[in-house]
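Enquirer: Be aware that the sequence shown starts at 48, since it is given in the numbering used here, and climbs by one per residue.
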Amino acid sequence: MTALLEASSPHTMNTYGRLPIALSHGQGCRVWDINGKSYLDALAGIAVNTLGHNHPKLVPALQDQLGKIIHSCNYYHVPNQEKLAAKLVELSGMSNVFFCSTGLEANEAALKLARKFGHDRGIERPEIVVYEHAFHGRSIATLSATGNPKVQAGFGPLVEGFIRVPLNNIEALKAATAENPNVVAVFFETIQGEGGVNSMRVDYLQQVRRLCDERDWLLMIDEVQCGMGRTGKWFAHQWAGIVPDVMPLAKGLGSGIPVGAVVAGPKAAHIFQPGNHGTTFGGNPLAMRAGVETIRIMEEDGLLAHAAQVGEHLKNVLQRELAAELAGGAGVKEIRGQGLMIGIELSKPCGVLTQRCADAGLLISVTADSVIRLVPALIMSVPEADEVASILCPLIKAFLAEST
Ligand SMILES: *Cc1c(COP(=O)(O)O)cnc(C)c1O
48 MTALLEASSP HTMNTYGRLP IALSHGQGCR VWDINGKSYL DALAGIAVNT
98 LGHNHPKLVP ALQDQLGKII HSCNYYHVPN QEKLAAKLVE LSGMSNVFFC
148 STGLEANEAA LKLARKFGHD RGIERPEIVV YEHAFHGRSI ATLSATGNPK
198 VQAGFGPLVE GFIRVPLNNI EALKAATAEN PNVVAVFFET IQGEGGVNSM
248 RVDYLQQVRR LCDERDWLLM IDEVQCGMGR TGKWFAHQWA GIVPDVMPLA
298 KGLGSGIPVG AVVAGPKAAH IFQPGNHGTT FGGNPLAMRA GVETIRIMEE
348 DGLLAHAAQV GEHLKNVLQR ELAAELAGGA GVKEIRGQGL MIGIELSKPC
398 GVLTQRCADA GLLISVTADS VIRLVPALIM SVPEADEVAS ILCPLIKAFL
448 AEST
């Protein structure tokens, strides 16, 4: 099996360090590879498969849509664009939506909105505040906004107009923007995903909201990974009771069908005019149906409360099972995150655990070198969460016990 897979990709570009696994199908939180081995899926296609695999309500709806129309194009109205936009407006308390297909596209649109917001006010060289360890995508502009030198290496010159600050430090934000009339926006993830599951504190979120109001900046919150119910609220910033001006979404929005969106509040909703922005696939009928049905099923099945509950349970079990390793720097630095977005930071790089977990029948990821990231489907059950912990914790202990 391994030999076959390692030698089997001579025609795709060498952009990913892949595990020697190919998945063939799934059911709920369980997936099977082409050799019939089964895995518990605690990665969900990187926080994408909101409803797990082969969901009994989603699949028939998508099949119905496939037989009607897959793609039309934005020369015409797409009724489900309006339906999904109205739903996102209702859930976010914001006002208008632009649809695209991916996270970087949603962020690219947000960056364009911020720049035009500035130009509309006579600011010719607008600047956007971004954060250390941020991840916003891999287009030239979004990799420039990203706070990871590995993502940027080899792609200079970077896009200019970004000011970088540390997380959760309002004084640092004020100092970095002092006397600078060109600042137009502050842009961050409520919980950084690729950066290692790092949360913005509730009080910091509130402070930044106030500062953006005082200075007339756009507050732009990248909810691509932490949004769509993952933390137990529709959008993670809602735990702080704030509303952003711009909110990019993607990943979980279509349960696996590529759907991206930029949701804008009144301050940003009318910046784009015809001709300013667009995309061929954005808002296509299949994508919109996936978004509409994902939210409908999440509401019908009470998945926000469920994600909060199962996430809390999983975090507690991990904390209990790894209590010895957490105590006094014994290898586990911290278990953090909210709902079904959990990070376990170890004291040493632990990328090898992805393969070891897979061998043991569990799919996870390791990000920021030393953080085990769990972002399962929001339908994960309590017994399945227990199973995640029962496979993962012994592997962590064994790994920490190894020398080097
Ligand atoms: C994944 C991710 C992106 C990029 O999304 P793509 O669909 O891969 O372009 C942007 N921001 C955050 C927070 C992400 O997690």
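Every residue gets a Cβ at the ideal spot worked out from N, C-alpha and C, and that includes glycine.
With H, G and I counted as helix, E and B as strand and the rest as coil, what does DSSP make of Met48?
Expert: Residue placement at Met48 cannot be trusted, given a pLDDT of 49 that sits under 50; what the coordinates show is reported in the next sentence. It is coil, neither helix nor strand.
Enquirer: Assign Pro173 to buried or exposed, taking buried as 16 or more other Cβ atoms, counted over all protein chains shown, within 10 Å of its Cβ.
Expert: buried
Enquirer: Within the continuous alpha helix (DSSP H) that includes Met345, where are the two ends?
Expert: 332-347
Enquirer: Going by Cα to Cα distance, which pick from Glu171, Ala315, Leu409 is closest to Pro291?
Expert: It is Ala315.
Enquirer: Would you say Ile93 touches ligand 1, meaning its beta carbon is less than 8 Å from a heavy atom?
Expert: For ligand 1, at least one heavy atom lies less than 8 Å from the Cβ of Ile93.
Enquirer: Can Leu151 be considered in contact with ligand 1, in the sense that its beta carbon sits closer than 8 Å to one or more heavy atoms?
Expert: At least one heavy atom of ligand 1 sits closer than 8 Å to the Cβ of Leu151.
Enquirer: Find the nearest neighbour of Phe319 within the set Glu261, His124, Phe145, Gly384, judged by alpha-carbon distance.
Expert: Phe145
Enquirer: Does ligand 1 have a heavy atom nearer than 8 Å to the CB of His284?
Expert: no
Enquirer: Beta-carbon separation of Lys104 and Glu347 under 9 Å?
Expert: yes
Enquirer: DSSP on Pro430, reduced to helix/strand/coil?
Expert: helix
Enquirer: Quick one: using the 10 Å Cβ neighbour count with 16 as the cut-off for buried, is Ala287 buried or exposed?
Expert: buried
Enquirer: So Leu361 packs on Gly276, CB below 8 Å; how close in whole Å?
Expert: 16 Å between Cβ atoms; not a contact.
Enquirer: Alpha carbon to alpha carbon, how far is Val422 from Thr414?
Expert: 12 Å
Enquirer: Any chance you could list the alpha helix (DSSP H) runs of at least 4 consecutive residues sitting entirely within the segment 188-269, in chain order?
Expert: 196-199, 217-224, 249-262
Enquirer: Would you kindly work out how many angstroms separate the C-alpha atoms of Val418 and Val399, rounded to a whole number?
Expert: 12 Å
Enquirer: First and last residue of the alpha helix (DSSP H) that includes Glu449?
Expert: Glu449 -> no alpha helix (DSSP H), and no H or E assigned at all.
Enquirer: Pick helix, strand or coil for Trp286, following the three-state DSSP scheme.
Expert: helix
Enquirer: Buried or exposed: which applies to Ala50, given that a residue is buried once 16 or more other Cβ atoms fall within 10 Å of its Cβ?
Expert: Because the pLDDT at Ala50 is just 49, under 50, the model does not fix this residue reliably, and the point stays unresolved.
Enquirer: Measuring straight from C-alpha to C-alpha, what distance separates Leu158 and Asp263?
Expert: Near 16 Å, if we compare the C-alpha coordinates of Asp263 and Leu158.
Enquirer: Taking its Cβ as the centre, do 16 or more other Cβ atoms sit within 10 Å of Gly150, making it buried, or is it exposed?
Expert: buried
Enquirer: Do three or more CB pairs link the segment 221-236 to the segment 249-264 at distances below 8 Å?
Expert: Flag = yes, the segment 221-236 and the segment 249-264 touch.
Enquirer: Touch check for the segment 214-229 and the segment 194-201: three-plus C-beta pairs under 8 Å?
Expert: Segments in contact, no.
Enquirer: Just to confirm the assignment, what range does the beta strand (DSSP E) spanning Ser71 have?
Expert: 70-74
Enquirer: Tell me whether the segment 426-440 and the segment 73-83 touch, counting them as touching only if at least three CB pairs, one residue from each stretch, are closer than 8 Å.
Expert: yes
Enquirer: Over what stretch of residues does the alpha helix (DSSP H) that includes Glu359 continue unbroken?
Expert: 350-368
Enquirer: Using a 10 Å radius around the Cβ and a threshold of 16 neighbouring Cβ atoms, would you call Met48 buried or exposed?
Expert: Residue placement at Met48 cannot be trusted, given a pLDDT of 49 that sits under 50; the coordinates are not used to answer.
Enquirer: Which first and last residues belong to the beta strand (DSSP E) in which Pro295 is found?
Expert: For Pro295, the enclosing beta strand (DSSP E) starts and ends at 293-296.
Enquirer: Could you pull the start and end residues of the beta strand (DSSP E) that Asn143 belongs to?
Expert: 143-147
Enquirer: Please state if the CB of Ser302 and the CB of His124 are separated by a distance shorter than 9 Å.
Expert: no
Enquirer: Could you tell me whether any non-hydrogen atom of ligand 1 is closer than 8 Å to the CB of Thr189?
Expert: yes
Enquirer: To the nearest angstrom, report how far apart Val136 and Thr278 are at their CA atoms.
Expert: 19 Å
Enquirer: Counting Cβ pairs, one atom from each stretch, are 3 or more of them under 8 Å apart for the segment 210-217 and the segment 440-451?
Expert: Taking a cut-off of 8 Å on C-beta distances, the segment 210-217 does not touch the segment 440-451, as fewer than three cross pairs fall below it.
Enquirer: Which residues in the same chain have their Cβ closer than 8 Å to the Cβ of Thr189, if we skip the five residues on either side of it in sequence?
Expert: Leu151, Asn154, Glu155, Leu158, His183
Enquirer: Where does Ala94 fall in DSSP's three states?
Expert: helix
Enquirer: Just reading off the alpha helix (DSSP H) that Thr401 is part of, what are its end residues?
Expert: 399-406
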